[in-house]
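Notes follow once the structure below has been shown.
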Amino acid sequence: MTIPANVRALLSGNGPKWALVALIDLALLYVIALLYFQGEILFPLTLLVLGSLGTWIFTSKCGYNYRYVYPCLLGIIMFIVFPMAYTFSISFTNYGSANILSLERVKEIHLNKLVKTGDHTYTLALFQHNNQFQLQLTDKNDSHSIYTSDTFVLNGDLTEVSARSGAHAKGNKLSMREVVKQRSALGSVAVILEDDTRLVMSSLREFSAMAPQYREQSNDYLVEIKTGDILRPDMTTGFYVTEAGEQVAPGFSVYIGGDNYNRLVTDKGIREPFFKIFVWTVVFSAGSVLFCLVIGLLLANLMQWEPLRERGIYRVLLILPYAVPAFISILIFKGLFNQNFGEINMILEGLFGISPEWMTNPTFARAMILIVNTWLGYPYMMIVCMGLLKAIPDDLYEASAIDGANPIHNLLYITLPNIAKPLAPILIASFAFNFNNFVLIDLLTAGGPMMPGTTTAAGFTDLLVNFTFRTAFVAGQDFGLASAIATMIFLIVGFISWVNLRATRSSQEY
Amino acid sequence: MMAMVQPRNLKYRVWAARIVMILLLCLVMFPFLMILSVSFRTGNFATGSLIPENPSLEHWAMVLGFEYTAADGSVVKPTFPVLTWLWNSLKVSFTTSALILMLSTTGAYAFARLRFRFKNHLLTSMMILQMFPAVLALVAFHAFFNKLGGVVPWLGLNTHSALVMSYLGGITMHIWLIKGYFESIDVALEESAYIDGATPWQAFRYILLPLSVPILAVVFVLSFIGVIGEYPIASVLLQGVDQLTLAVGMKQFLYAQNYLWGDFAAAAILTGMPITVVFLMAQRYLVNGLTAGGVKG
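Those protein sequences? They're chains X and F, same order as listed. Residue 157 in the working numbering is what sits at position 162 of the first sequence, and the numbering runs on without skipping anything. Residue 23 in the working numbering is what sits at position 37 of the second sequence, and the numbering runs on without skipping anything.
Below is the structure:
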């Protein structure tokens, strides 16, 4: 068969490109296949769809214009859209520290389990001569049957050595402590006796004949070889269970339907902290926006005030809290607010004789968070307001000055009405930002002090995101429940951004 | 502004404003001055006045990775590899910013100049998607790289490449910024190039890009600042002490059971200073960029 001329031309002109696309696709398919065999579905599927789309775009002429958008869309889809979808799908599983593996991996672990067979157990003694080692195994029940192995090297590789009775070991007998050091290397040494019995290390001091505990049956069932008991994978709890109904760890992750959402609603120990945290999150976000706006707007007015000649210097200094990386300034405050050695309490103690418990009292902790966040956030509002103030025509203030208005009149009747509409979307965006201000809480209080009497740990200063983080990574890795909470936050944030879009539209009409 | 009607008591008002300003600046600057003072105090629990009585360089030596011999002859050893963290942060930020620049420039070009189906849909979805910060999907990021690492080890948890990849979603703001800039450049230049037989790629590469160097520099700096201060994803993905970035590592100084206030102070100044300077130089553009996405659409 000859290659058609147009194909040949295509191949000769774009040879390197085709090779590159083929190479990337091959690598991608390999990864997809491996992920699929690990029991993943959503992840390899996404890769497959994006990969084929990319292949089409970069090889077909129709896709030419998409070649420029594809890379950035790839980033957005893989790292914004996919994580959200993935979180949503995890929220319907029991994925967590007790059920972290896939069914395939758990089966593999069970199949690799070994049990002692036969009645003979041998106490081990290890001899070293230069780099060569020898094992001397003594039967526990019969101290006269002693086997000595051939020499071998201990380097962690799988080795088999044969052993004979009556041979002598060369070199020094190692102490128990030195044997312990070689423990893992010894684990990969198998000793073959004269009657072909194969011995492996069964405990720190012993060698014995071992055989797999389970063998595989169809449908992922396992059979215990010695007793014939059947282990059944329970797809509702994510554990292997015996016929008697006992669960055998480790667990694997399975879809459990809406259980996590159910727990959010019905378990009082989760529902109550969730609701409290939600209220605090709203109060915190609204409070932060309000304080930052008030201070930022007043300062912006001052910064525009002509008679204050040195305001350029003030401006740079006032912006500093915004310019210093947040992870540094938040930690500085954590140190300054420290109850025992913090400089703030030292000053308060000296001036007023008080030292508030910033880290252990919920009210003080919340007050501290608002203080710190106002300090962090007012410069942004100030900069934004300065921009908006510039857009207000000067003659409005001229006219009001002629009418004898004071600055408060100016603020209420000229400034505020003029900046309200363009400011609205910025305030909503700032609310949304603070709603998810994970960094501030995590670095300043880590959510503490803790709420008493909750099912999953929750703190008085936790925001919803921090509660998710705590559930997922700090207190017992309950990824399923954490994802359910995260999904709730998606809905709330979705609602906020819908409001924001509308506010933006109306500000554009203006 | 000279025509402005001036009230009679202006002088007093200016002085009142000045005093309020100075008091406020004291509050604003207090943490910075304090941390500067703490970094020169002896020991980690020392208290005292703003200007340390017995200034000591032990914390600075520690941060820079030197051993320090105190006055009584005892040797203080460095506790954390701060310079390694700084290097990690720089490495991750540089790579991420370069990749972000590539992705967002080509994307912005398509959105500004090319015609294709679903363009407006894509723009709207981008607007909505940028409202969902990555911090909401930390579990997914963790699970995702945990599983990917089982197949491709260099993309697993505790690797910098995984961290860089996870930052590639944060490009929407930069796309808006560059798109706005591209749209402000006259199309005539490119059109004449097309007449001479240029492909879209050539028009992009040889005409539009050279004209856009300023905005590309701004985007690079902005994304650099953003990445170097990023904490949530890094705190979930990175675990080993030597792999940490500054943002994750710094909090290790302030654990209750191992409270190193003085060492922290020196490390904070050393690492915070350059980032702050870069930020101050770029902040004008940052605010423009932040408002451009929301207001201009």
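No residue lacks a Cβ here, since even glycine has one placed at the ideal position from N, Cα and C.
Check: Distance, Leu459(X) Cα to Phe485(X) Cα; Outcome: 11 Å
Check: Which of helix, strand or coil DSSP assigns to Ser144(X); Outcome: strand
Check: Nearest residue (CA-CA) to Met376(X), options Phe328(X), Cys287(X), Gly448(X), Val367(X); Outcome: Cys287(X)
Check: The stretch 487 to 498 of chain X touching the stretch 265 to 272 of chain X, judged by at least three CB pairs closer than 8 Å; Outcome: no
Check: Exposure label - Gly46(X); buried when at least 16 CB within 10 Å; Outcome: buried
Check: Cα-Cα separation, Ser427(X) to Val494(X); Outcome: Just to set this straight, residue 427(X) is Ala in the shown sequence, not Ser. When rounded, the distance between both Cα atoms is 11 Å.
Check: Partner residues on chain F for Pro66(X), Cβ-Cβ distance less than 8 Å; Outcome: Met88, Leu89, Thr92, Gly93
Check: Unbroken stretches of the alpha helix (DSSP H), 4 residues or longer, contained in the stretch 404 to 447 of chain X; Outcome: 411 to 430, 433 to 439
Check: Helix, strand or coil at His124(X) [DSSP, three-state]; Outcome: strand
Check: Asn132(F) versus Val213(F) - alpha carbon distance; Outcome: 22 Å
Check: Nonlocal neighbours in the same chain, by C-beta distance under 6 Å from Phe130(F), ignoring five residues either side; Outcome: none
Check: Outcome for Thr260(F) when other beta-carbon atoms lying within 10 angstroms are tallied against a minimum of 16; Outcome: Correcting the residue identity first, residue 260(F) is Pro in this sequence and not Thr. Label assigned to Pro260(F): exposed.
Check: Supposed close pair Phe97(F), Leu109(F) - CB separation, criterion 8 Å; Outcome: 6 Å
Check: Beta-carbon proximity of Trp353(X) to Met341(X), cut-off 8 Å; Outcome: no
Check: DSSP state of Glu352(X) mapped onto helix, strand, coil; Outcome: coil
Check: Beta-carbon neighbours of Val125(F), restricted to chain X and to distances below 7 Å; Outcome: Thr82, Ile85, Ala467, Phe474, Ala477, Ser478, Ala481
Check: Cβ of Tyr217(F) within 8 Å of any chain X Cβ; Outcome: yes
Check: Beta-carbon proximity check, Leu134(F) vs Ala481(X), cutoff 8 Å; Outcome: no
Check: Three-state secondary structure (DSSP) of Gly264(X); Outcome: helix
Check: Collapsed DSSP secondary structure at Pro64(F) in the structure displayed; Outcome: coil
Check: Interface flag, Ser324(X) vs chain F, CB-CB below 8 Å; Outcome: yes
Check: Complete runs of the alpha helix (DSSP H) confined to the stretch 155 to 240 of chain X [at least 4 residues]; Outcome: 171 to 176, 178 to 181
Check: Residue environment, Lys12(X), which counts as buried when at least 16 other CB atoms sit within 10 Å; Outcome: exposed
Check: Proximity to Tyr31(X) [Cα-Cα], best of Phe468(X), Gln212(X), Leu98(X); Outcome: Leu98(X)
Check: Cβ-based neighbour list, Leu100(F), same chain, cut-off 6 Å, excluding 5 preceding and 5 following; Outcome: none
Check: Among Met79(X), Asp215(X), Asp145(X), the one whose alpha carbon lies nearest that of Ala477(X); Outcome: Met79(X)
Check: Beta-bridge partners of Asn244(F), as assigned by DSSP; Outcome: Tyr241(F)
Check: Segment contact, 8 Å Cβ cut-off, at least three pairs: the stretch 176 to 183 of chain X with the stretch 70 to 85 of chain X; Outcome: no
Check: Three-state secondary structure assigned by DSSP to Thr277(F); Outcome: Bear in mind that the predicted position of Thr277(F) carries a pLDDT of just 49, short of 50, making it too unreliable to give a figure here.
Check: Pair within 8 Å by beta-carbon distance, Tyr217(F) and Val234(F); Outcome: yes
Check: Beta-carbon neighbours of Gly70(X), restricted to chain F and to distances below 7 Å; Outcome: Leu89, Leu154, Gly155, Ile157
Check: For Pro245(X), the nearest candidate out of Asn257(X), Thr466(X), His124(X), Asp229(X) (CA to CA); Outcome: Asp229(X)
Check: C-alpha gap between Met(-12)(F) and Glu301(X), whole angstroms; Outcome: A caution first: Met(-12)(F) carries a pLDDT of 43, below 50, which makes its placement in the model unreliable, though a value can still be read off. If you take the alpha carbons of Met(-12)(F) and Glu301(X), they lie about 10 Å apart.
Check: Nearest to Asp457(X) (by Cα), restricted to the options Thr450(X), Leu312(X), Thr449(X), Pro444(X); Outcome: Pro444(X)
Check: Close Cβ partners of Gln123(X) (< 7 Å) along its chain, the five nearest in sequence each way excluded; Outcome: Gly166, Asn167, Leu169
Check: Beta carbon proximity, Glu241(X) to chain F, threshold 8 Å; Outcome: no
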